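A.B. asks:
Number of protein chains: 2
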Amino acid sequence: MSEFRILEIKQSIFENNNKQADQLREQLKKEDLFLLNLMSSPGSGKTTTLTKTINLLKSELRIGVMEADIDSDVDAVTIAKTGAKVIQLHTGGMCHLDAGMTKQGLEGLGTNDLDLIILENVGNLVCPAEFDTGSSKNAMILSVPEGDDKPLKYPLMFQICDVLLINKIDVLSVFDFDIELCKERVLKLNPKIKIIPISARTGEGIPEFAQWLKTEVQNWKGNPHE
Amino acid sequence: MSEFRILEIKQSIFENNNKQADQLREQLKKEDLFLLNLMSSPGSGKTTTLTKTINLLKSELRIGVMEADIDSDVDAVTIAKTGAKVIQLHTGGMCHLDAGMTKQGLEGLGTNDLDLIILENVGNLVCPAEFDTGSSKNAMILSVPEGDDKPLKYPLMFQICDVLLINKIDVLSVFDFDIELCKERVLKLNPKIKIIPISARTGEGIPEFAQWLKTEVQNWKGNPHE
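Residue numbers (the working numbering), protein chains in the order written: chain A, 4 to 229; chain B, 4 to 229.
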């Protein structure tokens with residue numbers, strides 16, 4: 004188990020978040036660091052998915068995790084058990100992270116010895132979609148119990164993500180969730196998004212997500228002028 | 004089925020939301036109108052819970068519903084089938100409602116012929132907790148698949164609510180959710196909160212919630228100087 008500290012991050016003072024995000028992305032590119040921004044509702048399974056994914060990738064990639072939450076350190080404790088480098092970010096009531104806050108987190112984490120950094124954003128389908136964190140790619144989780152109508156209600160989140168993990172497919176039989184209808188609704192909003200059905204609990208689909216992530220990290224490092 | 008319209012609400016211009024909320028609450032009190040603010044994560048079952056509750060109460064109370072969402076009208080369509088008066092509020096990307104926005108919603112709905120109005124807030128455990136809507140009482144839903152650690156991560160929401168519905172108890176057996184531990188965590192944050200386990204799908208617990216709501220409406224009307 005790795006050790007971690009809790010960082011109280013401050014609201015950003017930058018007015019132009021998009022500019023700040025582009026600058027951070029450029030800096031990460033220069034440093035060969037890939038940053039994944041992972042978003043979802045509360046309780047969709049972000050931390051369990053990360054744990055399983057890290058365990059598959061940790062022999063090949065040096066991984067760091069930033070756990071953002073309003074309060075508590077339960078997620079950082081869980082991630083630390085994988086041996087990944089981890090920091091808990093407390094957002095001081097803020098419902099999302101922007102690029103400035105992400106930068107504070109990266110500085111707190113320390114990134115010299117890493118290939119891949121994953122930001123577990125605050126559990127929220129609304130606000131995090133509106134703020135570019137400076138990430139290389141955006142991922143989101145929608146879990147089966149939340150319902151297949153979520154793309155209709157929170158379209159922006161589905162539009163800005165590169166990959167959608169449909170989690171908790173092991174309980175599909177006990178919920179009214181039409182996975183084909185859900186995919187159709189998502190692809191209508193974002194035809195380029197990759198959709199991977201998973202069960203973080205059973206591990207189903209996690210190798211496919213890990214492979215996607217590994218390829219993205221390699222592409223990021225291999226194409227300095229992307 | 005009742006008819007409904009969609010109202011695009013504007014961001015409030017009032018700086019002091021708390022004052023605006025107190026004024027709205029006072030106005031509702033004078034007009035014998037009870038306003039319940041219902042909050043939860045996306046997909047916790049707010050609309051299904053409301054449908055079942057309205058069906059139990061509609062012979063005794065004249066009920067109106069304001070459905071707040073970033074986009075879509077799927078919830079208003081569902082509620083309209085109960086026969087309740089309903090309006091869909093589009094928040095223009097806003098992640099919560101404040102008192103000024105709630106007032107716009109009430110004016111759009113029309114409240115002359117109502118006893119009880121329910122505001123289904125935007126699906127979000129963070130921002131809605133920070134803005135008093137002017138409601139008579141606050142209710143929240145936490146569903147079993149979200150996990151029993153949510154009170155640790157989103158404490159403010161649990162602190163400001165008068166009643167907590169723990170929904171989807173029909174699937175308790177397929178999730179790692181310790182209901183006693185969850186109650187303990189919630190009561191530590193808010194010793195006065197009433198906790199009712201329910202299944203909106205099977206109807207279990209809905210009569211208890213409907214009774215709680217009926218009593219609160221009666222108390223509100225019966226105590227003009229409360």
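Idealized CB from N, CA, C, for every residue including glycine.
Bear in mind that the values here come from a model prediction, so they are computed numbers and not experimental data.
In terms of DSSP beta bridges, what is Lys88 of chain B paired with?
C.D. replies: Its beta-bridge partners are B:Gly67.
A.B. asks: By DSSP, does Ser176 of chain A sit in helix, in strand, or in coil?
C.D. replies: The answer is helix: DSSP assigns Ser176 of chain A an H, G or I state.
A.B. asks: Any heavy atom of the ligand MN inside 6 Å of the beta-carbon of Ala213 of chain A?
C.D. replies: For the structure depicted, the ligand MN is absent and the ligand set is empty, with no information on it obtainable.
A.B. asks: Going by Cα to Cα distance, which pick from A:Ile73, A:Ile172, A:Ile196 is closest to Ala203 of chain A?
C.D. replies: For Ala203 of chain A, the nearest C-alpha among the options comes from A:Ile172.
A.B. asks: Quick one: measure Cβ to Cβ for Arg28 of chain B and Ser139 of chain B, integer angstroms, because I've assumed they're closer than 8 Å.
C.D. replies: Correct: roughly 7 Å between the Cβ atoms.
A.B. asks: Can you list, in chain order, the residues of its chain with a C-beta nearer than 8 Å to that of Asp181 of chain A? Leave out the 5 residues immediately preceding and following it.
C.D. replies: If we look at Asp181 of chain A and ignore the five residues flanking it on each side, its Cβ neighbours are Asp151.
A.B. asks: Which runs of the alpha helix (DSSP H), 4 residues or longer, sit entirely within the region 103-191 of chain A?
C.D. replies: Whole alpha helix (DSSP H) segments, 4+ residues: 153-156, 158-162.
A.B. asks: Quick check: is the beta carbon of Asp135 of chain B nearer than 7 Å to any beta carbon in chain A?
C.D. replies: Chain A contact via Cβ: absent.
A.B. asks: Between Cys185 of chain B and chain A, is any beta-carbon pair separated by less than 7 Å?
C.D. replies: So no, Cys185 of chain B is outside the interface.
A.B. asks: Reducing DSSP to helix, strand and coil, say where Ile196 of chain B ends up.
C.D. replies: It is coil, neither helix nor strand.
A.B. asks: Along the beta strand (DSSP E) that carries Phe37 of chain B, what are the first and last residues, could you check?
C.D. replies: Counting along the chain, the beta strand (DSSP E) containing Phe37 of chain B begins and ends at 37-43.
A.B. asks: Going by C-alpha distance, which of B:Gln26, B:Ala71, B:Lys153, B:Glu110 is nearest Asp72 of chain A?
C.D. replies: Closest option to Asp72 of chain A, Cα to Cα, is B:Lys153.
A.B. asks: Does DSSP put Asp101 of chain B in a helix, in a strand, or in coil?
C.D. replies: Coil at Asp101 of chain B, not helix or strand.
A.B. asks: Are at least three pairs of beta-carbons, each pair with one atom in the region 51-65 of chain B and one in the region 93-109 of chain B, less than 8 Å apart?
C.D. replies: The region 51-65 of chain B vs the region 93-109 of chain B: no contact.
A.B. asks: So Ile196 of chain A and Leu190 of chain A are supposed to be a Cβ contact under 8 Å. How far apart are they, rounded?
C.D. replies: Indeed they touch by this definition, with Cβ atoms about 7 Å apart.
A.B. asks: Let me confirm a value: Glu34 of chain B is counted as buried when at least 16 other C-beta atoms fall within 10 Å, else exposed. Which label applies?
C.D. replies: With fewer than 16 other Cβ atoms within 10 Å, it is exposed.
A.B. asks: Grouping DSSP H, G and I as helix and E and B as strand, with all else coil, what is Glu211 of chain B?
C.D. replies: Three-state DSSP puts Glu211 of chain B in a helix.
A.B. asks: Please report the residue range of the beta strand (DSSP E) in which Glu244 of chain B lies.
C.D. replies: Past the boundaries of the shown model lies residue 244 of chain B; chain B is included only from 4 to 229, so the question cannot be answered.
A.B. asks: By how many angstroms is the C-alpha of Pro131 of chain B removed from the C-alpha of His228 of chain A?
C.D. replies: At His228 of chain A, the pLDDT of 48 sits below 50, so the modelled position is not reliable and the matter cannot be decided from this model.
A.B. asks: Is the region 62-82 of chain A in contact with the region 157-175 of chain A, if contact means three or more CB pairs nearer than 8 Å?
C.D. replies: Because the criterion of three Cβ pairs below 8 Å is not met, the region 62-82 of chain A and the region 157-175 of chain A do not touch.
A.B. asks: What in chain A is Cβ-close to Gly208 of chain B, meaning under 7 Å?
C.D. replies: Within 7 Å Cβ-Cβ: nothing; Gly208 of chain B doesn't reach chain A, min ~17 Å.
A.B. asks: Assign Gln23 of chain A to buried or exposed, taking buried as 16 or more other Cβ atoms, counted over all protein chains shown, within 10 Å of its Cβ.
C.D. replies: Counting Cβ neighbours within 10 Å, Gln23 of chain A comes out buried, since at least 16 surround it.
A.B. asks: Within the 7 Å Cβ cut-off, does Glu219 of chain B reach chain A?
C.D. replies: For Glu219 of chain B, the answer is no, since every Cβ of chain A falls outside 7 Å of its Cβ.
A.B. asks: Does Asp76 of chain A come out as helix, strand or coil in the three-state DSSP assignment?
C.D. replies: Coil at Asp76 of chain A, not helix or strand.
A.B. asks: Counting only Cβ-Cβ distances shorter than 8 Å, please list the residues of the region 111-133 of chain A near chain B, keeping chain order.
C.D. replies: Listed by position, the residues of the region 111-133 of chain A near chain B (Cβ gap below 8 Å) are Val125, Gly126, Asn127, Leu128, Val129, Cys130, Glu133.
A.B. asks: Please name the residue, chosen from A:Gln221, A:Arg188, A:Leu92, A:Lys84, that lies closest to Phe161 of chain A on a Cα-to-Cα basis.
C.D. replies: Among A:Gln221, A:Arg188, A:Leu92, A:Lys84, the Cα nearest to that of Phe161 of chain A is on A:Arg188.
A.B. asks: Which residues in chain A sit within 8 Å of Leu155 of chain B, going by Cβ to Cβ distance?
C.D. replies: Neighbours of Leu155 of chain B on chain A, chain order: Asp74, Ser75, Val77.
A.B. asks: Rank B:Glu123, B:Ile90, B:Gln26 by C-alpha distance to the C-alpha of Ser5 of chain B and give the top, closest one.
C.D. replies: Answer by Cα proximity: B:Ile90.
A.B. asks: Taking Cβ-Cβ distances below 7 Å as the criterion, which residues of the region 43-62 of chain B are in contact with chain A?
C.D. replies: If the cut-off is 7 Å between Cβ atoms, the region 43-62 of chain B has Ser44, Pro45, Gly46 near chain A.
A.B. asks: Taking only beta-carbon positions, decide if Gly95 of chain B is within less than 7 Å of chain A.
C.D. replies: Closer than 7 Å: no.
A.B. asks: Near Gly206 of chain B, what residues of its chain come up, given a Cβ to Cβ distance below 7 Å and the 5 sequence neighbours on each side ignored?
C.D. replies: Answer for Gly206 of chain B: Lys55, listed in chain order.
A.B. asks: If distances are taken between C-alpha atoms only, which option among A:Ile169, A:Val220, A:Ile163, A:Glu18 comes closest to Leu117 of chain A?
C.D. replies: Selected option, being the one with the closest Cα: A:Val220.
A.B. asks: According to the neighbour-count rule (16 or more other Cβ atoms, all chains shown, within 10 Å of its Cβ), is Gly95 of chain B buried or exposed?
C.D. replies: Burial call: exposed.
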